[in-house]
Amino acid sequence: MINVGIISYAHPHALRYGTTFASNPKAKLYAISGDGANADVAKTEAQKMKAKFYQNYEALLKEKKVDAVYIAIETYRHKEVAIRAAEEGKHILLEKPIALTLEDADEIIKAAKKAGVKLMVPFNPRFTTPLRKAKAMIEAGEIGELEYIYSISEYVKPPIFLEGLDMSWFLDIKKAGGGGFMDTAPHGVDSLLWLTNSEPKSVYADIGSKIYGFPVDDIGTAVLRFKNGVMAVLNAGWGNPKGYAYGLEIKYYILGKEGFLDIRTAYPDFTVYQDRAEKIYWERADVNGIVGSFLESIIEDKEPPITGEIAKKNLEIILAAYESSKTGKVIKL
Amino acid sequence: MGRLKVGIIGCGNIFHLAHKNALKNLKEVKVVACMDIKKKKAKEAAKEFNAKPYTNLDEFLDLDLDVVEILTPTYTHAELAIKALKSGKHVIIEKPIALTSEEAQKMIKTAEKEGLWLLVGHTRRFDKRWVQIKEVIKKRNILPVQIRKAEVQRLPFPETAWYWKPNKGGGVAIDLGVHVTDFLRWYFESEPVKILGIGKAIRKEAKVNGTYDHFLMMIQFEGGKTGLAEVSWAYSYPARYGVFYHHLDILGKNGRIRYTPLDTPVVGVVKSHFEMPRFSPLLSAFPEAFETELKHFFKVIIGEEEPLITAKDALIALQMTEVAIESAKREEPLEFKGVVE
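Going down the list, the protein sequences come from chains A and B.
Last residue of the first sequence: number 333 in our numbering, and the count goes up by one each step with no gaps.
Last residue of the second sequence: number 1341 in our numbering, and the count goes up by one each step with no gaps.
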């Protein structure tokens, strides 16, 4: 049994991770700390799930019984918290993006290595059933050589619409590193890396505050050329209106030399029509899959499926996209 | 004024697919002559209209015609259009306006000099789907900032067909590319400033001809708007989607509009033997778009309407694809400098 601590509910994903860890037979949700935004939510959740509550993560990390932590604190504090967790010998599941800079990512990776703890960063789509099926079909050669991927990776509404949670830090570049693109594109980038089994050699992007007038970007488009010849386009961001049916929209059109895969959504849904249409996801295999493989990597002492290095590569691509958008140039990686 | 006398040059694919039926439905005009370098094709076409067949261009242009419709492969457009204009005929021509923008500019100059119309068949502007979506954008004040338009298919022609030849049709980047570049300009109502193109040769037909069959353009427009144009002849889509596929995804400050191949009304046909459902007449918007377009063009010619798309628009659409192709070669985005007068 792995005792898990959750550090901070600043990132709204903590809500789902909390219940998922709590319901996993191999884990016990042992403690929660209320650092950063939404400390009140953290406290309520701790009571609800009968976990110990700490005002700050230092106290949680001192708790000997905690084996592993899920860190959902504001991105700019990832380095500080992850390094301390490693020093205390806790295995780490660290929210994405791994950090604000590649240097910070390196320090986190180094600290985890030095301490001999597992470090995993969750990117969801590759844990969904449709994408796993697509990957298997590609690898079985069902659509021939992979040529082109168009992907949408959007949280449909900007975080101000998430009720009951303080998400203002998502609109603060110093804390989040970017806006809608930084928030959502890493998922798309991860699935591209995973589906192509390759890395981009260049990226060209246009990212901006185009819809809501936020101080950070809301949507972005990136064109990527991969080393193995695959071409890809990624649309990411928070651009959708309130009435949009999807809350989370992850789509792929995958073109091979001999066939085509249409992944209408990575999250299987049905639609409810009332005053407006709403998609309800009837399967969310992703968070179970992430939590399960993180726990498994600890129990079986093996490498987690998404390592710090993969997360750093992901960040490198995201930062290159921002650089491209700023300079108007194709950025070589 | 009597009915306009129309002559057709090029009685091949697009004639049979679209123009033939549209012209038959238009009472304002009379097709009096059909020319094709292949006698059989000219005869077949002429029979449809009780018109006279021709295989010789000079004889054809000596006729008393008001309008010449040019429906030939792209590389022949410039020469034919210039000759037709110089012989005093208004010209309606299929898209792309020409194979190169240099040629297109010569055509435009000739039309201006002769005081005749040169009208280019950018049929998307007359397709009721796109016309209505454009109206919804206006009425609901959607204010688009990002538009993705994809037009993809599996081109059913062999590698010997002119479509695949860079020096005859320009490949998919030009042949379908101009549809989408024009579409994006039309929808955004602003001008392109920067273009990134990237292309691939996926099918054997493209590889042996040294052309792209899958091409992507990321086009940045004035006002921070981004257009994504995807054109492809290399798709394998299941038949239930139809045979030619449009994707449209508009993200605006005040909403999103999306059209996918599943929104295209298709009547599925399953036969006991395999048959490529080439250009399905069941795609309802397609024939009507041509009819609307031609009707409008003839009204422009008789002075009753102002053109909804000018030859200059068609030129810009072509220039955008040229810049994109150059960008793809150089692997860097290029500024769009606009029409050279």
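Ideal Cβ placement from N, Cα and C applies to all residues, glycine included.
These figures come from a predicted structure and were not determined experimentally.
Ranked by Cα distance from A:T20, the first of A:V287, A:K332, A:E303, A:N314 is A:V287.
B:W1186 is a Cβ neighbour of B:D1313, given a cutoff of 9 Å.
Leaving aside the five residues that flank B:E1103 on each side, the residues in its chain whose CB is nearer than 6 Å to its CB run, in chain order, A1078. Distance from the CA of A:T196 to the CA of B:R1129, rounded to the nearest whole angstrom, comes to 35 Å. The beta carbons of A:L93 and A:G177 sit about 19 Å from each other, so the pair does not count as a contact at 8 Å.
Here B:E1069 carries a strand assignment [DSSP, helix/strand/coil].
Fewer than three pairs of CB atoms, one per stretch, sit closer than 8 Å, so the stretch 1295 to 1306 of chain B makes no contact with the stretch 1201 to 1215 of chain B.
Taking each of B:N1013, B:N1056, B:L1143 in turn and checking the Cα distance to A:G239, the smallest one comes out for B:L1143. Annotation: B:P1156 has no Cβ neighbours in chain A at a cutoff of 9 Å; minimum Cβ distance is about 16 Å. Contact between the stretch 253 to 263 of chain A and the stretch 198 to 212 of chain A is absent, with fewer than three C-beta pairs closer than 8 Å. Shortest Cα-Cα distance from A:H91 to any of A:Y17, A:Y281, A:V117, A:K251 involves A:V117. The DSSP-derived three-state label of A:D183 is helix. Listed along chain B, the residues sitting closer than 8 Å to A:T221 by beta-carbon distance are Q1146, M1218, T1226, L1228. Of A:A134, A:S23, A:I6, the smallest CA-CA separation from A:A82 is found for A:I6. For A:R84, not one C-beta of chain B is nearer than 9 Å to its own C-beta. Residue state for A:F226 is assigned as strand, using DSSP reduced to three classes. Pairing B:G1170 with B:K1089 gives a Cβ-Cβ distance that is not under 9 Å. The C-alpha of A:Y246 is placed about 11 Å away from the C-alpha of A:V272. Comparing C-alpha distances from B:R1258 to each of B:I1147, B:S1190, B:M1218, B:E1291 shows the shortest one belongs to B:I1147.
Going by DSSP, B:R1258 is part of the beta strand (DSSP E) stretching over 1255 to 1259. For B:N1025, the enclosing alpha helix (DSSP H) has its first and last residue at 1020 to 1025.
Ranked by how close their Cα comes to the Cα of B:L1063, the residues B:E1028, B:G1227, B:S1087 have B:S1087 in first place. In terms of Cα proximity to A:Y267, the closest of A:S191, A:R276, A:L255, A:I280 is A:I280.
In the DSSP secondary-structure assignment, A:K251 is bridged to A:I152. Counted as a single uninterrupted DSSP element, the alpha helix (DSSP H) harbouring B:H1077 occupies residues 1077 to 1086. Under a criterion of Cβ atoms nearer than 7 Å, the residues of chain B adjacent to A:R225 are, in order, I1198. Counted as a single uninterrupted DSSP element, the stretch harbouring A:A236 is not any alpha helix (DSSP H) but the beta strand (DSSP E) occupying residues 231 to 237.
The criterion of a C-beta distance shorter than 9 Å is satisfied by B:A1022 and B:E1293. For B:Q1146, the beta-bridge partners assigned by DSSP are B:T1226, B:L1251.
Within chain A, the C-beta atoms nearer than 9 Å to that of B:A1234 come from E147, Y148, L255, K257, in chain order. Comparing alpha-carbon positions, the option among B:A1285, B:L1216, B:S1236, B:P1287 lying closest to B:S1327 turns out to be B:L1216. Among the CB atoms of chain A, none fall inside 9 Å of the CB of B:N1209.
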